[in-house]
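Just below is one structure, and these are the notes that go with it.
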Amino acid sequence: MSTWPALNDKLLADAAATFNFKLGVPAVLAITKDGSVLFRRTPGREFASDLYELTPDGTVKTLARTSELLQTEERLSDAEKARRERTRTATRGVVDIGVSDDGKTVMVPLGGVFHLIDRASGKRVVVDPKGGAYDPHLSPDGTTIAFVRDGDLWTVAAGCEPKQLTKHPADIEYGVAEFAAQEELGRRRGFWWSPDGKQLAFQRTDARAVDTIYVSDARHPEKPPVPFKYPRAGTNNAVVDLGVINASGGQPKWITWDLSKHGYLASVEWTSGPLTATVLDRDQTEVAVLAFDANGQTKQLLVERDEAWINVNVGVPRWLDDGSGFLWMTEAKGDWVLQLRAPDGTLVRELNTPEFGLRKLVGLDGKFAVVEAHTDPKLQDIYKLPLDGGAPVKLTDGSGVAEGKSKHGVTIIDTQLEKGGRKLVALVGDKRHDVPTARERPSLVPTTVFETVQIGGRTHHVSITRPRTFDKARRYPVILKVYAGPHLTYVQAGRDSYVMDQWYADAGFIVVRSDNRGTPNRGRAWERAMLKDLITVAIEDQSAALQAVGARHAELDLARVGVVGWSFGGYFAAMAVLLRPDLYKAGVAGAPVTDWALYDTAYT
Numbered sequence: 001m002s003t004w005p006a007l008n009d010k011l012l013a014d015a016a017a018t019f020n021f022k023l024g025v026p027a028v029l030a031i032t033k034d035g036s037v038l039f040r041r042t043p044g045r046e047f048a049s050d051l052y053e054l055t056p057d058g059t060v061k062t063l064a065r066t067s068e069l070l071q072t073e074e075r076l077s078d079a080e081k082a083r084r085e086r087t088r089t090a091t092r093g094v095v096d097i098g099v100s101d102d103g104k105t106v107m108v109p110l111g112g113v114f115h116l117i118d119r120a121s122g123k124r125v126v127v128d129p130k131g132g133a134y135d136p137h138l139s140p141d142g143t144t145i146a147f148v149r150d151g152d153l154w155t156v157a158a159g160c161e162p163k164q165l166t167k168h169p170a171d172i173e174y175g176v177a178e179f180a181a182q183e184e185l186g187r188r189r190g191f192w193w194s195p196d197g198k199q200l201a202f203q204r205t206d207a208r209a210v211d212t213i214y215v216s217d218a219r220h221p222e223k224p225p226v227p228f229k230y231p232r233a234g235t236n237n238a239v240v241d242l243g244v245i246n247a248s249g250g251q252p253k254w255i256t257w258d259l260s261k262h263g264y265l266a267s268v269e270w271t272s273g274p275l276t277a278t279v280l281d282r283d284q285t286e287v288a289v290l291a292f293d294a295n296g297q298t299k300q301l302l303v304e305r306d307e308a309w310i311n312v313n314v315g316v317p318r319w320l321d322d323g324s325g326f327l328w329m330t331e332a333k334g335d336w337v338l339q340l341r342a343p344d345g346t347l348v349r350e351l352n353t354p355e356f357g358l359r360k361l362v363g364l365d366g367k368f369a370v371v372e373a374h375t376d377p378k379l380q381d382i383y384k385l386p387l388d389g390g391a392p393v394k395l396t397d398g399s400g401v402a403e404g405k406s407k408h409g410v411t412i413i414d415t416q417l418e419k420g421g422r423k424l425v426a427l428v429g430d431k432r433h434d435v436p437t438a439r440e441r442p443s444l445v446p447t448t449v450f451e452t453v454q455i456g457g458r459t460h461h462v463s464i465t466r467p468r469t470f471d472k473a474r475r476y477p478v479i480l481k482v483y484a485g486p487h488l489t490y491v492q493a494g495r496d497s498y499v500m501d502q503w504y505a506d507a508g509f510i511v512v513r514s515d516n517r518g519t520p521n522r523g524r525a526w527e528r529a530m531l532k533d534l535i536t537v538a539i540e541d542q543s544a545a546l547q548a549v550g551a552r553h554a555e556l557d558l559a560r561v562g563v564v565g566w567s568f569g570g571y572f573a574a575m576a577v578l579l580r581p582d583l584y585k586a587g588v589a590g591a592p593v594t595d596w597a598l599y600d601t602a603y604t
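Numbering-wise (our numbering), the sequence shown opens with residue 1 and increments by one.
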């Protein structure tokens with residue numbers, strides 16, 4: 001009997017020390033009007049981020065170091081801890097910033113105060129809000145910071161005392177996005193400056209009918225549980241609408257719409273066009289885009305319906321910089337199409353065909369929309385789509401999974417490379433600058449290969465990771481590493497995402513992944529196959545794909561299959577060993593959903 005391979009303890013230690021090799025990766029926070037890129041970055045094995053600037057000529061400068069700004073230990077409020085958990089932010093120090101419209105002033109919230117930094121001189125001014133300050137945002141002119149304290153909207157400027165703008169009634173909260181919006185709809189903010197900085201729009205939340213749960217801190221059992229408003233599936237949501245108030249103070253002007261019909265406030269934009277909101281009904285089968293004028297009057301710009309559900313958080317609506325129209329994305333033709341619409345919502349033109357493989361709008365570059373797209377679900381490229389029609393312009397070379405961000409004529413491209421590694425570049429006009437990284441590369445290169453299998457006439461993508469000491473004469477037990485749920489493609493071409501698959505494989509397994517119907521980037525019908533049944537299709541497709549791979553490759557011993565997953569993947573792992581014990585002999589379910597009735601209203 002052969003001995004079991006030794007585990008690679010060094011790789012695990014390196015992964016733990018580098019937060020799974022994510023520390024040191026630059027994160028772009030802003031693109032300024034002069035074409036500079038502001039980004040945060042940690043050293044390779046530290047969690048405290050510093051703030052850097054990449055100038056248009058490619059020079060990198062340090063704008064702020066956490067060690068210089070933070071004089072005492074950083075203490076986060078419960079609300080801020082929850083916000084960072086939802087955004088999966090693990091680093092400390094410089095996390096978020098604000099930038100004035102002219103790009104001259106940068107605001108860094110840290111250590112309970114706000115640091116205003118003049119980019120040209122480096123001069124810093126400390127602004128003290130004199131108390132808790134949640135979710136601060138800098139005014140367009142860079143002089144005033146708005147924030148939330150105890151459910152009310154406040155402002156403060158350098159050399160001035162903090163000013164309370166609102167006074168909420170009992171059990172009502174202003175300026176904070178409710179749980180459903182933050183967790184499921186991708187909206188983190190609860191207030192917005194007007195383009196001229198003279199007004200603020202803010203969310204009004206009535207959560208009195210929402211269930212209260214109590215969350216204990218297992219690390220500090222001496223502390224009392226924290227009450228938390230949580231809308232369990234089938235229970236009441238918070239009632240949400242908007243108000244607008246002058247930045248100098250006064251009485252708010254309330255904006256409302258048919259809340260009984262469109263109860264979810266999915267997004268708000270107030271940039272070059274009117275104050276604009278995207279709202280959804282509770283079933284999430286109808287979305288409307290609403291514009292509000294200076295008198296608080298509401299105009300419906302468009303409405304769209306889908307018998308299954310509407311996907312949001314894809315970068316729209318997005319007003320053009322001159323306010324002459326806005327961009328919208330629709331799946332009405334079976335896959336995403338980007339539309340240019342007039343200010344009144346009428347369709348001007350469509351900018352791509354459904355066959356293009358559009359996924360998300362990531363910005364504007366003059367007369368172009370910048371988007372993420374690909375017809376292969378494993379890959380993603382960045383394109384520019386001419387606003388006046390015409391052929392797409394490809395900005396990337398198809399070398400991996402690229403994500404983008406574009407503003408002020410600068411396009412940021414962050415690519416997880418198919419050959420391994422990660423590269424962040426800034427396209428500034430005809431120049432291409434690397435954004436320097438301090439990321440530590442894994443000590444091994446995965447052997448992962450990609451294949452396709454046919455199931456019921458459909459093409460399914462799979463990945464296979466074999467031991468680096470693979471012996472073709474042997475048969476290996478199999479691990480199905482799985483997610484299987486909505487909004488995540490698990491078989492992607494970025495090779496470093498398979499490092500832990502390789503660790504399992506080197507321990508004596510063959511690791512397989514596949515993407516079933518219900519996952520994104522394969523068109524509307526593919527994704528909606530999970531409607532009202534989150535597990536049946538997933539089990540069928542994952543099992544059939546695994547069996548097809550096993551039939552093709554005799555080294556896979558399908559009599560010894562284990563399944564490993566986290567979150568939805570944990571739910572799948574638990575259900576797989578229950579529903580298909582003939583195939584799955586063991587399962588590891590990480591953070592699984594154990595009862596969908598306990599999940600939130602917006603997801604279920």
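We put the CB at the ideal spot given by N, CA and C, even for glycine. Bear in mind the structure is a predicted one, so any value in this text is a computation, not a measurement.
For V435, the closest alpha carbon among the candidates N313, F39 and L7 is that of F39.
Per DSSP, F470 lies in no alpha helix (DSSP H) and is assigned neither H nor E. A check of alpha carbon separations from P109 across R432, D557 and H137 identifies H137 as the nearest. Annotation for W596: no beta strand (DSSP E) segment contains it, and DSSP assigns it neither H nor E.
Secondary structure remark: continuous beta strand (DSSP E) runs of at least 3 residues inside the region 474-531, in chain order: 476-482 and 510-514. According to DSSP, residue pairing for W319 in a beta bridge involves F326.
The region 80-97 makes no contact with the region 452-459; the number of CB pairs closer than 8 Å stays below 3. Inter-segment contact for the region 512-529 and the region 425-440 is absent: fewer than three beta-carbon pairs are separated by less than 8 Å.
Leaving aside the five residues that flank Y483 on each side, the residues in its chain whose CB is nearer than 7 Å to its CB run, in chain order, Y490, G565, F568 and G569.
Bridge pairing for A16: absent [DSSP]. Look at the beta carbons and you see the region 394-404 touching the region 413-429: at least three pairs across the two are nearer than 8 Å. Counted as a single uninterrupted DSSP element, the beta strand (DSSP E) harbouring S406 occupies residues G400 to K407. If only complete runs of 4 or more residues are kept, the region 549-585 shows the alpha helix (DSSP H) at 568-579, in order along the chain.
Q502 is positioned such that its CB atom lies closer than 8 Å to that of T447. Contact between L338 and L327 holds: CB atoms are separated by about 6 Å, below the 8 Å threshold. Here the region 90-98 does not lie against the region 183-202, with fewer than 3 beta-carbon pairs under 8 Å apart.
Taken through DSSP and simplified to helix, strand or coil, F356 comes out as helix. In this structure S77 is exposed. Its beta-carbon is surrounded by fewer than 16 other beta-carbon atoms within 10 angstroms. Distance from the CA atom of V316 to the CA atom of L361, rounded to whole angstroms, is 7 Å.
For A157, the enclosing beta strand (DSSP E) has its first and last residue at D152 to A157. Annotated three-state conformation of T536 is helix, per DSSP.
If you ignore the 5 residues before and after G508, its C-beta comes within less than 8 Å of the C-beta of W4, P5, P467, Y476 and P477, all in its own chain and listed in chain order. Taking C-beta separations shorter than 6 Å and ignoring five residues to either side along the sequence, the partners of S139 in its chain run W193 and G197, following chain order. The region 362-380 makes no contact with the region 529-543: fewer than 3 CB pairs, one atom from each, lie closer than 8 Å.
Counting of Cβ neighbours within 10 angstroms places E183 among the buried residues, the total reaching 16 or more.
Under the DSSP assignment, S49 falls in the beta strand (DSSP E) whose first and last residues are A48 to L54. For E451, the enclosing beta strand (DSSP E) has its first and last residue at V449 to I455. Pairing R282 with G263 gives a Cβ-Cβ distance under 8 Å. Counting C-beta pairs closer than 8 Å gives three or more between the region 100-120 and the region 57-76, which meets the contact rule. Under the three-state reduction of DSSP, S463 is assigned to strand. Contact annotation, G363 with K407: C-beta distance approximately 5 Å; criterion of less than 8 Å satisfied.
Less than 8 Å divides the Cβ of D241 from the Cβ of R204. At the C-beta level, D335 and R524 come within 8 Å of one another. For L69, the uninterrupted alpha helix (DSSP H) segment begins and ends at T66 to L69.
Between the C-alpha atoms of A277 and N8 there is a straight-line separation of about 51 Å. In this structure, the beta-carbon distance from G131 to L70 does not fall below 8 Å.
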